[in-house]
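Residue numbers (the numbering used here), protein chains in the order written: chain A, -16 to 262; chain B, 5 to 354.
The beta-carbon is built from N, C-alpha and C at its ideal position, and this holds for glycine as well.
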C-alpha cells in the first residue's frame, strides 16, 4: 500500500470520501506539579513537598495527545474518547479538564502514591484498557515530572500492540487499519512509519495547537461523572525500581551572578561582553 | 558463536547503518561501570549491514562486538530491535543492557523491561555502587531536581544521557583478541515472534530543510524561552540580536511549539545543537533537552526571573530579571555606550 497516498485525516488538513469511521480512543493523561510553582524537597529529601503552594495541571505533552484525539473526533464525530489518569485524589481535576475540552468519558484510577514508577502506572492502565477494544491509545511522550518516556511503550508492551513514539504528525489511511505517523528523532530528523491499529502513539509537543474548552463543553462536563476506580482493584505489577532519594542539582560553580539595579546589571553585562570582544 | 556469556550488553543502534555520534559514550559508561574490565561486555551494533563497522569497532576498542543484522533495521525500528534483543538477552542473561538515551531507545528499554521483568531507568547521568547494588542518578521536574533510583531486579536496563560520559581519546585496547560475532536475522526460523508486529513498518527518513537563518553559523545566538510570554516580545529578542555582529535568533521548544518561531530555529536535542561564542538564554528555564543542545557554547548568559532556574547552573553570567523589562534597558544602555561605533540604527529605542 502506498502510505499517505490516500489520506483520510491529517493533523493539518484532511479529507474523507468513504463512510466515516468510528474510532474508540483512549488518552492517557497525568496531572503534574507545575515546575514554575514553588517546588522544593521535603526535609528527608525523599521527594518534593506536596502542599497548597504547588499548582497542579495536566502534563503538557498529554494536552497535545488529547488534542490529537479531539481532532480525530472533529472529523469522525462518531468517535468516542476515553481519558484515563492514575494518581491521587487531586488528579481528578485533570480528568475533568479533559472532559471540558471534549472527551466523552473520564476514568480516574485513584492511588495514594503520587510517584508511581512507569511499570506500575503502565500495568494498571493496560489492565484497564485490555478487552475494551481501543483502536488507538494516545499518551504524551513523557511526563514533565518523572521524564521517563516509558509509560506509553510499556502499556503497548503489556497489551502486545505496536507503538510509535514522539509522533509529530499522524495521517489516517483510508479504507485501512493503518496509520501513517511521523516520529521525531533527535537532531531534527523525522521517520515515517506505518503502524496498524490497534496501536499506541506517544505524542510530541508541537503536533497541534491544543484548544481551550468551549463554553458548551464546560457546561456538558459539569453533569458528567468521572468513573473512579480504586487501584487496589486492578492487577498492578509491583515496581522494579525504588526511588531512594532526591536532591537539588549541584549549585552553579562557574557562573557570575550580576547584581545591582537593572541599569547597573545591563551596564555590567555589556562591559563583560565588550571585554570578550563580543560587542 | 563463541561461548562467552556476557554480563553487559551495550547496544549501539544505527541510522542508515551509521552510528550516531553519541554511541561511543556508551563504551565510556560501560568502562566506568565495569571498572575497566570489558572482557564480558558485548557491544551489539544493530543495522541492516554493519559487519564492517563492527570489525572496525572491535579492532579500535578491543571489545567483543556483535553485528545484529536484519533488513528492517536500516531505519530505526525499536519494535523489531527490542524483540531481537529480548532473544539475545535470553541467551546471555546479562546483568545490564545499556543504550544511548534517545526517545526510540526509551521505547526499546520499556519493551525489554516488560518482557524480561527487568528494572529500568532512562536518561541516567551517573551511578553509585553501594552494598545493596546500584543506584542511578537522573533528572526530574525539568531538571529542578535529581532523583536516585535503585534498580532492584537481576536484569537492569539503562539509557545513558548523551554528554554524561566521555571516552578518553587515547584509550588502549584491553583485549587484542576481541572477536566479532555476526547475528543475522533473516532466516524465517529465526524470525522472532515480533514479526507478528509487522504492524510496525518504517518507511522513510527525512531531515527538515534549512531555510534562512543558519543557527550553526552564527557567532551569537539570542534565544527565547517560554518566559517571553507572548509572540510580540520576540521583537525584544530580535532587537537584542541586532546589537551583535553575525547573530541569530533561536528558541526553546515551547516557543516553536507555539509556532512563534519555525522549528529550524529550535535549539535542543530535538532541534539544533549549537556552540556559538555567545549564547544568551532569555526566559529559558533550562530543560535537559534544551541544555543538551547549547551547553558547549563558549559563553552563556542567562536572563530569568526565577532565581532557581536550572539554566543558571550552566551559565557564565546570571541575571535574575524579567527579560521583558531587562532587555529594553540593555538595548538602551548599549546604544548610549557603544551606539556610535556600530551600525544598528534600524531599530529605534523603545
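Review point. Exposed or buried, which one is residue 80/A when buried takes at least 16 other CB atoms within 10 Å?
Key: So residue 80/A counts as buried.
Review point. Which residues in the same chain as residue 70/A place their Cβ atom closer than 6 Å to its Cβ, once the five residues preceding and following it in sequence are excluded?
Key: So the qualifying residues of the chain are 14.
Point to revise | Beta-ladder partner(s) of residue 165/A, from DSSP | key: Bridge pairing for residue 165/A: 152/A and 175/A [DSSP].
Check your understanding: What does residue 342/B pair with, by DSSP beta-bridge criteria?
Key -> Paired residues: none, contrary to the question.
**Study point:** residue 106/B beta carbon less than 9 Å from that of residue 247/A
**Key:** Not in contact: residue 247/A and residue 106/B (Cβ atoms no closer than 9 Å).
Review point. Is the CB of residue 155/A under 9 Å away from at least one CB in chain B?
Key: Under the Cβ distance rule, residue 155/A does not count among the residues neighbouring chain B, no pair being separated by less than 9 Å.
Check your understanding: Can you pull the DSSP bridge partners for residue 57/A?
Key -> Looking at the DSSP assignment, residue 57/A forms no beta bridge with any residue, so it has no partner.
Check your understanding: Does residue 202/A have its Cβ less than 9 Å from a Cβ in chain B?
Key -> Answer no: the Cβ-Cβ gap between residue 202/A and chain B never drops below 9 Å.
Review point. Who are the near neighbours of residue 227/B in its chain, counting only those whose CB is closer than 7 Å to its CB and skipping five residues on each side?
Key: Here the set comprises 254, 255, 256, 271, 283, 284, 285, 286 and 288.
Practice item. Closer than 9 Å by beta-carbon distance: list the chain A residues that pair up with residue 276/B, in chain order. Key: 170 and 171, listed in chain order.
Review point. What does residue 119/B touch in chain A if you count any residue whose Cβ is under 8 Å from its own?
Key: Below the 8 Å Cβ cutoff, chain A contributes 140 as neighbours of residue 119/B, in chain order.
Point to revise | Cβ separation of residue 161/B and residue 122/B, assumed to be a contact under 8 Å, to the nearest whole Å | key: About 5 Å separates the two Cβ atoms, so the contact holds.
Point to revise | For residue 31/B and residue 70/B, the rounded distance between their alpha carbons | key: Here the alpha carbon of residue 70/B sits roughly 14 Å from the alpha carbon of residue 31/B.
Point to revise | Continuous alpha helix (DSSP H) assignments of at least 4 residues falling wholly in the stretch 65 to 153 of chain B | key: Runs of the alpha helix (DSSP H) inside the stretch 65 to 153 of chain B: 82 to 96 and 107 to 120.
Exercise for review: Reducing DSSP to helix, strand and coil, say where residue 293/B ends up.
Suggested key: Helix at residue 293/B.
Exercise for review: List the residues of chain A that residue 80/B touches, going by C-beta distances under 7 Å, in chain order.
Suggested key: Ordered by position in chain A, the residues that pass the 7 Å Cβ test against residue 80/B are 168 and 174.
Exercise for review: Rank 342/B, 306/B, 280/B and 318/B by C-alpha distance to the C-alpha of residue 330/B and give the top, closest one.
Suggested key: Answer by Cα proximity: 306/B.
Review point. Would DSSP call residue 17/B helix, strand or coil?
Key: Strand.
Review point. Skipping 5 residues on each side, what residues in its chain have a beta carbon closer than 7 Å to that of residue 120/B?
Key: Within the same chain, residue 120/B has close Cβ partners 90, 93 and 159.
Exercise for review: Residues of the stretch 110 to 140 of chain B with a CB closer than 8 Å to any CB of chain A: list them in chain order, please.
Suggested key: Going along the stretch 110 to 140 of chain B in chain order, one finds 110, 111, 113, 114, 115, 117, 118, 119, 121, 122, 123, 124, 125, 126, 127 and 139 with a Cβ nearer than 8 Å to chain A.
Check your understanding: With DSSP run on the structure shown, which of helix, strand or coil describes residue 268/B?
Key -> Three-state result, residue 268/B: helix.
Review point. In whole angstroms, what separates the C-alpha of residue 332/B from that of residue 339/B?
Key: Approximately 11 Å between the Cα atoms of the pair.
Exercise for review: Just the chain A side, please: which residues come within less than 7 Å of residue 320/B by C-beta, in chain order?
Suggested key: Neighbours of residue 320/B on chain A, chain order: 237, 238 and 239.
**Study point:** Residues of the stretch 35 to 68 of chain B whose Cβ lies closer than 9 Å to any Cβ of chain A, in chain order
**Key:** Residues: none.
Point to revise | Cα-Cα separation, residue 156/A to residue 241/B | key: One C-alpha to the other measures close to 42 Å.
Exercise for review: Classify residue 21/A as buried or exposed, calling it buried when 16 or more other Cβ atoms lie within 10 Å of its own Cβ.
Suggested key: So residue 21/A counts as exposed.
Check your understanding: Exposed or buried, what is residue 12/B when buried is set at 16 or more other beta-carbons lying within 10 Å of its beta-carbon?
Key -> Answer is buried; the Cβ neighbour count reaches 16.
Point to revise | Bridge partners - residue 265/A, DSSP secondary structure assignment | key: The question about residue 265/A has no answer here: the residues shown for chain A are numbered -16 through 262.
Practice item. Anything in chain B within Cβ reach of residue 231/A, meaning under 9 Å, just list it in chain order. Key: Residues of chain B passing the Cβ test: 148, 149, 150 and 312.
**Study point:** Rounded straight-line distance, which links the Cα of residue 230/B to that of residue 19/A
**Key:** When rounded, the distance between both Cα atoms is 11 Å.
Review point. Is residue 176/A closer than 9 Å to residue 144/A when the C-beta atoms are compared?
Key: Not in contact: residue 144/A and residue 176/A (Cβ atoms no closer than 9 Å).
Point to revise | Minimum Cβ-Cβ distance from residue 350/B to chain A less than 9 Å | key: Low local confidence applies: a pLDDT of 47 at residue 350/B is under 50, so the model's placement there is unreliable, with the coordinate-based value given in what follows. Taking Cβ atoms only, chain A never reaches closer than 9 Å to residue 350/B, which makes this a no.
Check your understanding: If you check the beta carbons only, do residue 184/A and residue 140/A fall under 9 Å apart?
Key -> For the pair residue 184/A and residue 140/A, the CB atoms are not nearer than the 9 Å cut-off.
Exercise for review: Take the Cβ of residue 39/B as the centre, count every other Cβ of all protein chains shown within 10 Å, and call the residue buried at 16 or more, exposed below.
Suggested key: Answer is exposed; the Cβ neighbour count stays below 16.
Point to revise | Rounded straight-line distance, which links the Cα of residue 312/B to that of residue 324/B | key: Here the C-alpha atom of residue 324/B lies approximately 9 Å from the C-alpha atom of residue 312/B.
Check your understanding: For residue 41/A, which three-state DSSP category applies?
Key -> Strand at residue 41/A.
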